[in-house]
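First comes the structure, then the notes that go with it.
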Amino acid sequence: MAYENNDKKMESIYSKRIRAGKRRTYFFDVRATRGNDYYLTITESRKRFNDNGYDRHKIFLYKEDFNKFIKALTEAVDYVKTELMPDFDFDAYNHDDYVEGEHDIEEIGNVSEAPASISEVTPVKAATSEDVDKW
């Protein structure tokens with residue numbers, strides 16, 4: 016889907032959705048720039064308790080930061096698994112053998128719609144307001 020944002024189109028060409036509990040969903044979207052460069056947006060969407068809306072936060076991850084991001088994420092997760100919770104069975108949460116229609120992780124592929132963003136959280140690189148999807 017292309018989002019019109021100040022005469023700028025932001026293409027979502029691949030998307031993966033992960034449902035995490037009853038109120039949280041994560042979206043991993045690959046997007047293309049006008050110059051056919053690619054970047055990743057990671058969106059956390061949480062259902063609000065007090066109304067029917069959602070809070071959404073987005074991280075923009077650019078190709079030059081992919082390896083650093085993956086390395087830091089892997090190190091942080093490994094630290095929790097080995098140092099803080101070595102006896103916890105993290106594999107109990109692997110759900111790779113789903114029944115059709117009951118997936119927590121859904122590969123969307125070439126998408127016709129992708130999540131919109133209310134706000135952004137950008138620890139990797141700051142994005143301008145033009146980079147954020149409008150509602």
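In short: position in the sequence shown from 1, add 15, done, that's my numbering. Ideal Cβ positions, reconstructed from N, Cα and C, are used throughout, including at glycine.
A contact between stretches requires three or more CB pairs, one per stretch, nearer than 8 Å, and the region 64 to 81 fails this requirement with the region 91 to 105. Counted as a single uninterrupted DSSP element, the stretch harbouring A107 is not any beta strand (DSSP E), since DSSP gives it neither H nor E. Comparing alpha-carbon positions, the option among K86, T56, R38 and Y94 lying closest to N65 turns out to be R38. In the DSSP assignment, L88 falls within the alpha helix (DSSP H) that extends over F81 to Y94. When secondary structure is reduced to three states using DSSP, T40 falls in the strand class. T56 sits in a strand when the DSSP states are folded into three classes. Setting aside the 5 residues that flank it on each side, E59 is surrounded in the same chain by Y41 and H72, each with a C-beta closer than 6 Å to its C-beta; the list follows chain order. Rounded to the nearest angstrom, the gap between the Cα atoms of I33 and K62 is 14 Å. Around the Cβ of T56, a 10 Å sphere holds 16 or more other Cβ atoms; the residue is buried.
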